[in-house]
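Residue numbers (UniProt numbering): 1 to 693.
For every residue, glycine included, the Cβ atom is placed at its ideal position computed from N, Cα and C.
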Amino acid sequence: MSACRRLLHLVKHRSLLTHVRKHLTTWSPVGAAFNARPHRKLDLFEKNVGLFGVPELNCPAGFQVATENALKNTERLVEKACSWSPGVQTVQCFDQLSDELCKVADLADFIKVAHPDPSFREAAEKTCIEIGTVVEKLNTNVELCKSLKNLLDNPDIVAQLDPDTKRVAELFMFDFEISGIHLDDKLRKEAVGLHVKLLDLNNEFLVGSHMPNRIAKSAIPEHLHLHYAAEGSFIQIGGMHADSPSDLVREIAYRVYLYPNAELMGCLEELLKCRYKLATLVGYESYGHRALKGTMAKTPETVMSFLQLLTDKLSDRYGLQCFSQKKNVPELMPWDHPYLSGVLRAERYNIEPSLYSPYLSLGSCMEGLNNLFCQLYGVSLMSEHPRAGEVWSKDVRKLAVVHETEGLLGYIYCDFFHRQDKPHQDCHFTIRGGRQCQETGQYQLPVVVLMLSLPEPTKGAPTLLTPGMMENLFHEMGHAMHSMLGRTRYQHVTGTRCATDFAEVPSILMEYFATDYRVISQFARHYETGQPLPESMVARLCESKKVCGAADTQLQIFYAVLDQIYHSKPQNRSTTEILKDMQQKFYGLPYTPNTAWQLRFSHLIGYGAKYYSYLMSRAVASMVWKQCFVADPLNREMGERYRREMLAHGGAKEPMLMVEGMLQRRPTVEEFVEALVSELNPHFETFIMDSES
Ligand SMILES: [Zn+2]
Numbered sequence: 001m002s003a004c005r006r007l008l009h010l011v012k013h014r015s016l017l018t019h020v021r022k023h024l025t026t027w028s029p030v031g032a033a034f035n036a037r038p039h040r041k042l043d044l045f046e047k048n049v050g051l052f053g054v055p056e057l058n059c060p061a062g063f064q065v066a067t068e069n070a071l072k073n074t075e076r077l078v079e080k081a082c083s084w085s086p087g088v089q090t091v092q093c094f095d096q097l098s099d100e101l102c103k104v105a106d107l108a109d110f111i112k113v114a115h116p117d118p119s120f121r122e123a124a125e126k127t128c129i130e131i132g133t134v135v136e137k138l139n140t141n142v143e144l145c146k147s148l149k150n151l152l153d154n155p156d157i158v159a160q161l162d163p164d165t166k167r168v169a170e171l172f173m174f175d176f177e178i179s180g181i182h183l184d185d186k187l188r189k190e191a192v193g194l195h196v197k198l199l200d201l202n203n204e205f206l207v208g209s210h211m212p213n214r215i216a217k218s219a220i221p222e223h224l225h226l227h228y229a230a231e232g233s234f235i236q237i238g239g240m241h242a243d244s245p246s247d248l249v250r251e252i253a254y255r256v257y258l259y260p261n262a263e264l265m266g267c268l269e270e271l272l273k274c275r276y277k278l279a280t281l282v283g284y285e286s287y288g289h290r291a292l293k294g295t296m297a298k299t300p301e302t303v304m305s306f307l308q309l310l311t312d313k314l315s316d317r318y319g320l321q322c323f324s325q326k327k328n329v330p331e332l333m334p335w336d337h338p339y340l341s342g343v344l345r346a347e348r349y350n351i352e353p354s355l356y357s358p359y360l361s362l363g364s365c366m367e368g369l370n371n372l373f374c375q376l377y378g379v380s381l382m383s384e385h386p387r388a389g390e391v392w393s394k395d396v397r398k399l400a401v402v403h404e405t406e407g408l409l410g411y412i413y414c415d416f417f418h419r420q421d422k423p424h425q426d427c428h429f430t431i432r433g434g435r436q437c438q439e440t441g442q443y444q445l446p447v448v449v450l451m452l453s454l455p456e457p458t459k460g461a462p463t464l465l466t467p468g469m470m471e472n473l474f475h476e477m478g479h480a481m482h483s484m485l486g487r488t489r490y491q492h493v494t495g496t497r498c499a500t501d502f503a504e505v506p507s508i509l510m511e512y513f514a515t516d517y518r519v520i521s522q523f524a525r526h527y528e529t530g531q532p533l534p535e536s537m538v539a540r541l542c543e544s545k546k547v548c549g550a551a552d553t554q555l556q557i558f559y560a561v562l563d564q565i566y567h568s569k570p571q572n573r574s575t576t577e578i579l580k581d582m583q584q585k586f587y588g589l590p591y592t593p594n595t596a597w598q599l600r601f602s603h604l605i606g607y608g609a610k611y612y613s614y615l616m617s618r619a620v621a622s623m624v625w626k627q628c629f630v631a632d633p634l635n636r637e638m639g640e641r642y643r644r645e646m647l648a649h650g651g652a653k654e655p656m657l658m659v660e661g662m663l664q665r666r667p668t669v670e671e672f673v674e675a676l677v678s679e680l681n682p683h684f685e686t687f688i689m690d691s692e693s
């Protein structure tokens, strides 16, 4: 049945699209493509089409050419924007300008971390720096800013703009604002100075927060040396060793890795001061107030009341008590938490990953995603053979995302397999944003990359995923489909370029699908026997997540609170004193003297004042799941509503309005909290099923 439907799509879409696409493309079913080992027929005469099909990028030197072209076009567009009379065309011009720079910079941003060839990486890095400098300059270009300000200051013209155009104009203005462009000369110079200083401080903190700490070998019992990296007469500790079964190994790692570095401490305190100064200079109460503009939460006050209410609800009922069930733990210490939750989970539910993975071959998971998207949105994932030079590594797969009536929606490049020198992180990259091109009258299709670190298939077996890997795959595909199903007029707000606290809603929602038996049973089959994954195993997996779930959430709340307070008004006490206080209040475990966890909190840079986003996104995803999908996770009508109300808009619509459109009412903070707390309730049928099996 499903094979038949796939074939139909294949035929239909090829005939539908041949008039658009000149070169002949063969699309094949997605599952088979991912279970097979990569094989490329070598054709020495095939023309190198350049990375992502960008012709200049067929060699490292091409990055320079692409950069120069982009900068030339940018200059032309800046002139245009400044000379035109204010109107829709101003915003279109800004978006085109941003597109010119983004499509080179975003691509380079990806290549500089992912390309196996260092000469490509270096060339891409250079491009990033060059374009970054130009963007900084543009953000302080008074003439350019004026052209936008003239538009936004004219109520008659603003009244004529459609909501998307108005929002995008305001978002562009927001970027200018941080350069103090609306201030007088003296203050503007001060703002620019702070901005430049912050770029350096951010960088310094990011680098420092990942540096290992050293301790003399003689300070550590000799029999423990083998657990750490050695460097001459020193031991180097670059992480918390949180999974080590030895209490002592974890404790030493915790104390040494978190030992405060005075210089880095100075950097962080200075950074927070500068952020505050800059935010107030450009007209906000605090850095947090500025950062939260345009988000779902809107203000730091809402964030704090969300976090406080969540804490109250959790400590009412759960808290760290889960660990007291574990015997032989005299006193719970901060370095015990992650390890113990893992042990408790495994003890209570038999969730050994290797029991699951034979049912979760990469091919069947991809087939499962394809089926899910077919049923929810009428969209298929089609495997397409990349052309010569189009991809950076031979194991990268290319997927065409095709709608049953709208045709090709965009491309997802899947860089899924582990490689030497490849960052070990699961990530979604926007390479090119979707946009209505005024120049050509066509829609510029979005292009994204999904990066995972999966083991390669072997001769005997396809790549087999653990349940955790499968959930990550679904999560990242949630981001990718946000990009693909978005049909925004402007690339500035394409797909995932939306409010930070909304951005994880589509990806976390996919995690609910990934743990629902009605979805899993459609694809999870033993790769050798074809047996389906037993329902009781899926139920056990879901229940195991609730073990210590409250404690894990409390830890996240503590981090989010810390981030909020650091970005509020100056506190007249050190970051360590604040941490000590908040750890006690929101987490419940005492502070360990001579440690400074905040110096390892690198998310302070990218997420400044928005670390709460994940919790809030999870709350919304949970509400959407329960209200719209739990009754029937494959319901087309709901899928269409979800696309129409949420995914289609990218960042072009105020996030709370999208939530309202989906839920058909405006949820309260109390409901957000309730959604998160209710997930921790045990599902009694599972216990019964478990005791029966
Ligand atoms: Zn994510």
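Note that the segment 573-581 touches the segment 592-601; at least 3 beta-carbon pairs, one per stretch, sit closer than 8 Å. Excluding the 5 residues flanking it on each side, His-482 has same chain C-beta neighbours closer than 7 Å at Gly-495, Thr-496, Pro-506 and Leu-647, in chain order. By the C-beta criterion, the segment 125-136 is judged to be in contact with the segment 103-115, since at least 3 inter-stretch pairs fall below 8 Å. Beta-bridge partners assigned by DSSP to Arg-497: none are found. For ligand 1, a non-hydrogen atom lies closer than 7 Å to the CB of Glu-504. Per DSSP, Leu-332 lies in no alpha helix (DSSP H) segment and is marked neither H nor E. Within the segment 407-483, complete beta strand (DSSP E) segments of at least 3 residues are found at 407-417, 427-432 and 447-454, given in chain order. By the beta-carbon neighbour count (other beta carbons within 10 angstroms, threshold 16), Val-630 is exposed.
In this structure, Glu-528 sits away from Pro-423, with a CB-CB distance that is not shorter than 8 Å. Relative to the non-hydrogen atoms of ligand 1, the Cβ of Ser-507 comes within a distance shorter than 7 Å of at least one. Following the DSSP letters along the chain, one finds Gln-89 in no beta strand (DSSP E) but inside the alpha helix (DSSP H) bounded by residues 88-114. Comparing C-alpha distances from Ala-191 to each of Leu-224, Arg-275, Pro-260 and Gly-132 shows the shortest one belongs to Arg-275.
Taking C-alpha positions only, Ser-85 is separated from Ser-147 by approximately 8 Å. The continuous beta strand (DSSP E) containing Lys-398 extends over residues 397-403. DSSP, reduced to helix, strand and coil, places Pro-532 within a strand of the structure shown. In the same chain as Val-449, and ignoring 5 residues on each side of it, the C-beta atoms closer than 7 Å to its own belong to Phe-110, Tyr-413, Asp-415, Phe-429 and Ile-431, in chain order. Distances between the C-beta of His-482 and the heavy atoms of ligand 1 are all 7 Å or more. Taking one beta carbon from each stretch, the segment 566-575 and the segment 530-544 have fewer than 3 pairs nearer than 8 Å; the two do not touch. Residue pairing by DSSP places Phe-234 opposite Ala-216 and Glu-231 in a beta bridge.
Taking each of Glu-269, His-403 and Asp-247 in turn and checking the Cα distance to Glu-204, the smallest one comes out for Glu-269. Bounds of the alpha helix (DSSP H) holding Met-623 are 613-624.
The alpha helix (DSSP H) runs lying completely inside the segment 562-606 and spanning 4 residues or more are 575-582, given in chain order. Here the C-alpha atom of Asp-336 lies approximately 8 Å from the C-alpha atom of Ala-242.
If you ignore the 5 residues before and after Thr-500, its C-beta comes within less than 8 Å of the C-beta of Thr-295, Tyr-607, Lys-610 and Ser-613, all in its own chain and listed in chain order. For Met-382, the enclosing beta strand (DSSP E) begins and ends at 379-384. Here the alpha carbons of Leu-541 and Asn-139 stand approximately 49 Å from one another. Put simply, the segment 46-60 touches the segment 375-395. At least three CB pairs are less than 8 Å apart. Around the Cβ of Arg-435, a 10 Å sphere holds 16 or more other Cβ atoms; the residue is buried.
Inclusion of His-479 in the 7 Å shell around ligand 1 follows from its C-beta lying nearer than that to a non-hydrogen atom of the ligand.
Residue environment analysis places Lys-394 among the exposed positions, since fewer than 16 neighbouring C-beta atoms fall within 10 angstroms of its C-beta. The residue from Tyr-257, Ser-380, Leu-161 and Leu-198 with its alpha-carbon nearest to that of Pro-212 is Tyr-257. In this structure, His-475 has its CB closer than 7 Å to one or more heavy atoms of ligand 1.
One thing to note: Phe-34 has its Cβ no nearer than 8 Å to the Cβ of Arg-618. Between Phe-306 and Phe-672, the CB-CB gap stays under 8 Å. Rounded to the nearest angstrom, the Cβ distance from Pro-633 to Val-561 is 34 Å, too far for a contact under 8 Å. A distance of 8 Å or more separates the beta carbons of Glu-100 and Asn-58.
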